[in-house]
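Chains as they are written, first to last, in my numbering: chain A, 2 to 455; chain B, 505 to 1522.
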């Protein structure tokens, strides 16, 4: 038998074998007992860790990060296939832009058929929360370590704007959780739109209470007035807006330096040609410019240029020239907006004679002729909102304005939002806001949209 | 206290090591040499490459082409000599070795369809026969690889190993394949198997990073030249791969490269020319036009339902239909056929003390596209073995691969030629302006994506046997990959029309350096516990270090004449650096008891400690136990004429997948911001981290048997397995509202894979003039995400993913999901379905259909696969082999046709007035409701994968050329496909080697190839 031969050859060595077996085991265990952690401890030069962030010497670098997040939430990153921020998607949802390329999710936004699974809406929703959280965290650190620095006012004011955008763009029920740096995540339940705007006002008030910098204070004032306007409290809104200094303008700054600092709306609209500015979109859309080749600009406040077709499609594409270069800044708040709020308050208060001079005064500043009173109440409010559309073109206001026309002034969504047939030969749907992305369902306290109405 | 103890024990280890430093020659008492010859029992022909060895020692040799062997240094006295080779029964003979003399022993091997004698190299570095191992080991037959139309490692595996699923994603030259062994275990981590070459763990990630967004990219596996491979073993799961520990949960592919054989040196040269052709007919673009010449779909056109406009209004009235097929038109097609040229040579030989194997090959492939899509690859291999002393054998292997690759825009790229053709217009203006492509073909030619890669894989190993019962094995290996990748658009190109960064060209350059080392040291002791029971104990340690380093640069607005280097960029600069570092230190012990050489019990445990920033995972232990019983060798086994061999086996094991080195860590990203109009450094949140992370752990048990029937003519192997992965490492989506990272790694849930694998091999006919062999392998699998777990508050984790592929409890990983098309009705009786005649979604509590609610539509990966291989040899002059490959039980999302019919409105169906309502509903479902449910199609297919006809030139003719052998092979690959899938090919995947992402999105089907090959040896 074969096995017996093997066995007899080895049996006499069993004692030695036992010893060596034991030693082999020892060898293994010895390695296990060595300070093996030294062998697996490596240094990764790419990492920025919490101690670096907590070092107060780096607080301004953290502030810069918070501003970078806010700038990205506003226009999106300047990179291929990226979403053009709240300015871009709110323009797409309203009549400021149509989609001229191939991404279905972006088409759906243009069609006002936005599902919870829309990845572009999810992008912007996340970016706004990222900006909000880091602005808040950084402001807290300034309050602890640099209470005298005006940066805290800026950070708080911008934090307030993130609440504004989430209230104006999304349905009622947005939660505002927190991710404190180095601490566990604190989940929160959803707030109604009214509660969200109330939070925004509280944050703007906090910024105003810090004082110290007129520009930053005016930024907070315009934000607060905008929040009050959204709540329908035009009297208070006008009162706050009136405090804004003449000539005030706050811009979110971008740079030519690196792609991360570029204006993402310029990149998406003009460089990638994925999104086109629109005119006469969906029956109700404002005539912002002339369609077709030629000199397209009708109004100096809406500079555009025909550019051919969109990326990967035969759809007509128009470049916006509001942001003519990769480093173009975005006006976040201005005295102009404050004056428009005051004009709306005048009209809302029944002072139909008071709103028109305010609009015409603004128009005269850019060489435009005066408007005449259209007569009826609806026509006046539509006229005022059209003026707002031109003055605040591509700054993330128009979608909130259309919602307000429905919510505060009683128009139906089919009377103000784009409707009928889209540029893709599909039908517009009837959404008036964005749903909260389904990723939020990972928040144990989240219960979905409270209200999908305007 | 425990640490103190093991430190003390470590001193013992050092003492042992010291003893091993004594001169090896002094340990042996007296030795002799064994010589002999191995021949086929039936034909009496020499058998080359048989393993001849002394069991329980590391002494052994390979038989030469004459079948002879010589094993020096064998301890004097009674010994057993064993011969084993795939295709024959294992035979042992007892022999007495005279001190200082030579013993002769000859072997006659009977054929066997059961591979119990195959030698498998284990994770410890020790060789074992298959009969000793209690788990299923897939041994890929590479013996006749040079006679088959196989040019890549993926080709070699495809259809040749049950349970190993190879999915070729594209016909694009240079693209790789997805390989899954026993299904997918991990939601977020790679499901690709571990790759081990000559005992060294090597890189197996696809080379797709930094390919400019292209998803089709090369596979690390395809760096291996099939010509250099001696054996491929597939350890299918943790039951077999536990000793590889962390990283082995997806199975292990072990490759051993060829060694030289003692004897006269042999020289071999080969060359082949291959014609590549597209394997499908492309569909024409069809469109209806209205009176203005605008595209006007007959069916499914949107209507304005707005009440202000007064009800439904058709958008247009078609007056004519036009058709054009840019890919089938000689004047406009981008396909002009491809070629592949392969030239190679190898040399092997050596004497008693040293052998060598040298090989060189060049592969130059031009794709079926008329643009610059090519691969130019050089493969060099040099292997040596040496008997440095009687008890010390060393071997070294060096493999070097240099590849130059250029890839086209393809698949989900706006400017891929295939996509532009399939989504193009058919009207006369489009045909005149863009040849019927969606955009100018200049886009296809202008974008360049290049990759140059150099890879050095080397190993050095030593087997040291201080006594006949004690042996040590040590190895050290290196895998170094240097890749330069570039994407660029020249200064003057079609992209100029877009302005911005495209206006004057741009260039993106990525340099990657991967540096992996692997060292292993083990010792084995064999001794007899009793007359019938032999114990083998192996213990060892391993250290692995992996470094990934990458530099990235981008710039635009190129200087004229400097358009192929970043030096030419003048604006839009962007730079980055990435480093990934990981180290693993391991220890393992394996104990085997062999009872009467037919019952084997193995038990093993391996411990790993990994680099992990931000957490203290510590040592992780993976146990394994298995048993193997060769029942047919028992005296009580009934003598059944038809049943020659029967082995039963069972195995259980664990293996893991580790988290990334920084996954546990709260980390921040550096960037550049703007403040007061100055460019300033900025920090933002990168990852929230999770200090509780642990490795994912997979547990697997399997049962199986091998049987030899009909005098070795038929072999049947069957294995049932059940694998569960727990603490699955999942990159769980975080809710956006906290404002942190998008995902966070968490240990969540449980994934199961159960299945059955079978292999039937047979020799239907075997005589001097005619042999006919066949092999049928197959597997079925059931993959399920059993549990996703709960969050900290005890709430169930919501499904992961919201797109067309999701991870939902109770369903397969990455299965297809879409809002279902509930019903359709041609209410107005016009024969066409309009948007309001199709109902999509799932009813909510209010009874209303929610068009965003998705339902499961099917598996994304095949759940069953079978392959049938057969070969016939006539008069030893002709050999004909064929391979058929079936995969099924899954669906494929036909984006291509869905987009053509629903969005681009250029598919013939959109204008077919007789189109069945079900298909109309699929079109309307996508165009109106955005659901792909109607386009997730059954993707079962059978492919006539290979056909090869070889002519063995008769010896008398060969003699004129002073050669030993001359073979001429004519072969074809992907010759036919049978499927109900309506797209171009059911095998493609636009996302290349992605973990789960699948779909047919203007993807080029695998090519049909015809090869003429000449193979000569001297």
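Even glycine gets a Cβ: it sits at the ideal position worked out from N, Cα and C.
Limits of the unbroken alpha helix (DSSP H) element including residue i
i: residue 121/A; result: 120-146
i: residue 1358/B; result: Taken as a continuous stretch (DSSP letters only), residue 1358/B belongs to no alpha helix (DSSP H), as it is neither H nor E.
i: residue 353/A; result: 353-365
i: residue 202/A; result: 194-211
i: residue 382/A; result: 378-392
Burial state of residue i, where buried means 16 or more other Cβ atoms lie within 10 Å
i: residue 1298/B; result: exposed
i: residue 758/B; result: buried
i: residue 1094/B; result: buried
i: residue 1352/B; result: exposed
i: residue 448/A; result: exposed
i: residue 46/A; result: exposed
i: residue 935/B; result: buried
i: residue 1358/B; result: buried
i: residue 519/B; result: Model confidence at residue 519/B stands at a pLDDT of 33, short of 50, so the residue's coordinates are unreliable; what they give is reported in the following sentence. The residue in question, residue 519/B, is exposed, as its Cβ has fewer than 16 Cβ neighbours within 10 Å.
i: residue 1182/B; result: exposed
i: residue 1167/B; result: buried
i: residue 1517/B; result: buried
i: residue 573/B; result: buried
i: residue 776/B; result: buried
i: residue 892/B; result: exposed
i: residue 549/B; result: exposed
i: residue 1141/B; result: exposed
i: residue 1034/B; result: exposed
Residues bridged to residue i (per DSSP)
i: residue 1391/B; result: 1369/B and 1445/B
i: residue 1455/B; result: 1382/B and 1472/B
i: residue 1519/B; result: 774/B and 1471/B
i: residue 49/A; result: 1172/B
i: residue 1103/B; result: 1099/B and 1133/B
i: residue 683/B; result: 670/B
i: residue 963/B; result: 901/B and 981/B
i: residue 1140/B; result: BP columns for residue 1140/B are empty, so no partner.
i: residue 335/A; result: 250/A
i: residue 1053/B; result: 1017/B and 1083/B
Residue i, enclosing beta strand (DSSP E) - first and last residue
i: residue 1291/B; result: 1274-1291
i: residue 1427/B; result: Residue 1427/B -> not in any beta strand (DSSP E); alpha helix (DSSP H) instead, spanning 1421-1433.
i: residue 581/B; result: 581-588
i: residue 631/B; result: 631-633
i: residue 62/A; result: Note, residue 62/A: premise wrong, no beta strand (DSSP E); alpha helix (DSSP H) at 60-76.
i: residue 1251/B; result: 1247-1251
Residue i: CB within 6 Å of a non-hydrogen atom of the ligand SAM
i: residue 1111/B; result: You won't find the ligand SAM in this model; it holds no ligand whatsoever.
Against chain B: residues of the segment 181-203 of chain A by CB proximity under 8 Å: 182, 183, 186, 187, 188 and 189
Compile a chain-ordered list of the residues in the segment 375-394 of chain A whose CB is closer than 7 Å to at least one CB of chain B. none
If we require 3 or more residues per run, which beta strand (DSSP E) segments fall completely within the segment 993-1051 of chain B? 1010-1032
Closer than 7 Å between beta carbons: that is the criterion. Which residues of the segment 88-116 of chain A meet it against chain B? 103, 105, 109 and 116
What beta strand (DSSP E) runs, 3 residues minimum, are completely inside the segment 851-902 of chain B? 858-870 and 878-893
Those runs of the beta strand (DSSP E) which lie wholly inside the segment 1154-1229 of chain B and span at least 3 residues: 1171-1179, 1182-1191 and 1200-1213
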